[in-house]
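**Q** This structure is in structure tokens; I'll ask about it shortly.
There are 2 protein chains.
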Amino acid sequence: MSTVSGMTTFVGGASGDWRVLSISPVKGEGLALVPHLAILDETAIVRATDSVTGASGVRWFLRGVRSYLRYVERAEKTRLDEASPPIGRPEATRAALIPIRKSAAWWDLPQDERRAIFETRSHHIADSMKYMPAVARRLYHARDLGEPFDFLTWFEFAPKDADLFEDLVRMLRSTEEWTFVEREVDIRVER
Amino acid sequence: MSTVSGMTTFVGGASGDWRVLSISPVKGEGLALVPHLAILDETAIVRATDSVTGASGVRWFLRGVRSYLRYVERAEKTRLDEASPPIGRPEATRAALIPIRKSAAWWDLPQDERRAIFETRSHHIADSMKYMPAVARRLYHARDLGEPFDFLTWFEFAPKDADLFEDLVRMLRSTEEWTFVEREVDIRVER
């Protein structure tokens, strides 16, 4: 995982490389339905700011930064680095953007108690690994930016692995960790 | 520690409640010398944006957010909460703002290895606790904001505890953790 902290902006609106299939409120408030999703990196957003903010049809922006590892330990990192497929595989034409906000109760916990819930009891890393290399994943942090969500997770997979991805999502939502989620939206797209 | 993620902006310029005593580059590039430091919370910055950005004498802004605990464990949190003095004690008329950026090598480490350096080997929490309740401390996170520094730490103390504070700073700079610091500036102020 790179530690480059460039900001990425996901733009829901009338244009973008990804066609939106569904936007489902999983917990809490949803997001406005839009036909397209555009993903702008730091350079692109600077170039695109005028046109994007002035464009008709833009309904929402979600911003996040790739950042450093908050829970992953060395042995897990080694296995993740080996098993993780890259973003942008030609066959991975389906994707999901899942923004999540966790509760104040979660953020008030010290590091060891969050780690215990996240991995020791919820197996977030170990169980997610079973879905590699079919599902590629990239995490963006948003909490310190004052965004409405704490994390944006981007998943990519081939259409043949769509059922497997549903399993992954169900697994993540059945954990103790997930009881701390107070807002989640599930955005499915294809290109 | 509160988990409210409101942004705080430290403004170096011609005005502000704190008079600058010194601005010393400890490692890497320093910051422009200014006579005053103003501290603006989220509400204030919105109100002050026009006047601040338009004001003569403003040389730099440093932004950060109070955020959740990255390394502190439950037992440490309990002791910290008991021992930590509040910000704003009337007798604490001296303060230091110490912005720090750590190296890519630090941020590439997984969580367990950063924790081992931070506390197991550098005793950051345990040794800092010896300086309480004389020195009050507030940490602001800035890395995910794309700021030039990763952290801004604000320390407050009474003039009679100035020597003690020098001990604290010396202690922090003698650790293994500090070998990962690639930029640090030490700004001393009084009100």
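From first to last, the protein sequence lines are chains A and B.
Using our numbering, the letters of the first sequence correspond one by one to residues 11 to 201.
Using our numbering, the letters of the second sequence correspond one by one to residues 11 to 201.
Backbone N, C-alpha and C define an ideal beta-carbon position, used for all residues, glycine too.
Identify whether A/Ala106 lies in helix, strand or coil by the three-state DSSP scheme.
**A** The answer is strand: DSSP assigns A/Ala106 an E or B state.
**Q** Here's the rule I'm using: 16 or more other beta-carbon atoms within 10 Å means buried, otherwise exposed. How should B/Asp173 be labelled?
**A** Classification of B/Asp173: exposed, given that the 10 Å Cβ count is below 16.
**Q** Comparing the C-beta of B/Val56 with each C-beta of chain A, is any distance below 9 Å?
**A** At B/Val56 the pLDDT is 46, less than 50, meaning the model places this residue with poor confidence; the figure from the coordinates comes in the next sentence. Chain A, which has no Cβ nearer than 9 Å to the Cβ of B/Val56, makes this no.
**Q** Which chain B residues are close to A/Arg131, counting only those with a beta carbon under 7 Å from its beta carbon?
**A** Result: empty, since nearest Cβ-Cβ is about 15 Å, beyond 7 Å.
**Q** For A/Asp91, count the other beta carbons within 10 Å of its own beta carbon; 16 or more makes it buried, fewer makes it exposed. Which is it?
**A** Classification of A/Asp91: exposed, given that the 10 Å Cβ count is below 16.
**Q** Can you give me, in chain order, the residues of the segment 73-98 of chain B that have a beta carbon less than 8 Å from any beta carbon in chain A?
**A** Taking 8 Å as the Cβ-Cβ cut-off against chain A, the residues of the segment 73-98 of chain B that qualify are Val75, Ser77, Tyr78, Leu79, Arg80, Tyr81, Val82, Glu83, Arg84, Glu86 and Lys87.
**Q** Which residues does DSSP list as the beta-bridge partners of B/Glu200?
**A** Paired residues: B/Arg29 and B/Arg104.
**Q** Which of the three DSSP states is assigned to B/Ser184 in this structure?
**A** Here B/Ser184 sits in coil by DSSP.
**Q** Is there a Cβ of chain A sitting closer than 9 Å to that of B/Leu47, yes or no?
**A** Output row for B/Leu47: interface = no.
**Q** Taking A/Ile97 and A/Arg148 to be in contact with their CB atoms under 8 Å, please state how far apart those CB atoms are, rounded to whole angstroms.
**A** About 6 Å separates the two Cβ atoms, so the contact holds.
**Q** Mind pulling the beta strand (DSSP E) runs of 3 or more residues that sit fully within the segment 133-179 of chain B?
**A** Runs found: 146-151 and 161-167.
**Q** Taking DSSP as the reference, what is the three-state secondary structure of B/Thr189?
**A** Helix at B/Thr189.
**Q** Against A/Leu162, what residues of chain B qualify as contacts under a CB-to-CB distance less than 9 Å, listed in chain order?
**A** By Cβ distance, chain B contributes nothing, its closest Cβ being about 12 Å from A/Leu162, past 9 Å.
**Q** Could you run through the segment 115-140 of chain A and flag, in chain order, every residue whose CB is less than 9 Å away from some CB of chain B?
**A** Per Cβ criterion, the list reads Trp116, Trp117, Asp118, Leu119, Pro120, Gln121, Asp122, Glu123, Arg124 and Arg125.
**Q** So, with DSSP's three-state summary, where would you put B/Leu119?
**A** Of the three classes helix, strand and coil, the one that applies to B/Leu119 here is coil, per DSSP.
**Q** Tell me, please, which residues DSSP counts as bridged to B/Ile49.
**A** Bridge partners of B/Ile49: B/Phe20.
**Q** By how many angstroms is the C-alpha of A/Phe167 removed from the C-alpha of B/Leu31?
**A** So the two alpha carbons sit approximately 57 Å from each other.
**Q** Return no unless some Cβ of chain B is closer than 9 Å to the Cβ of A/Arg111.
**A** With 9 Å as the cut-off, A/Arg111 does not count as an interface residue toward chain B.
**Q** Listed from N- to C-terminal order along the chain, which residues in the segment 145-159 of chain A have their beta-carbon within a distance smaller than 7 Å of any beta-carbon of chain B?
**A** Here the close residues are His151, Arg153, Asp154, Leu155 and Gly156.
**Q** Spell out whether any CB of chain A is found under 9 Å from the CB atom of B/Gly38.
**A** Chain A contact via Cβ: absent.
**Q** In chain A, which residues lie with their C-beta within 7 Å of the C-beta of B/Met17?
**A** In chain order: Gly156.
**Q** Using DSSP with H/G/I as helix, E/B as strand and the rest coil, what is B/Glu129?
**A** Note: B/Glu129 maps to helix in three-state DSSP.
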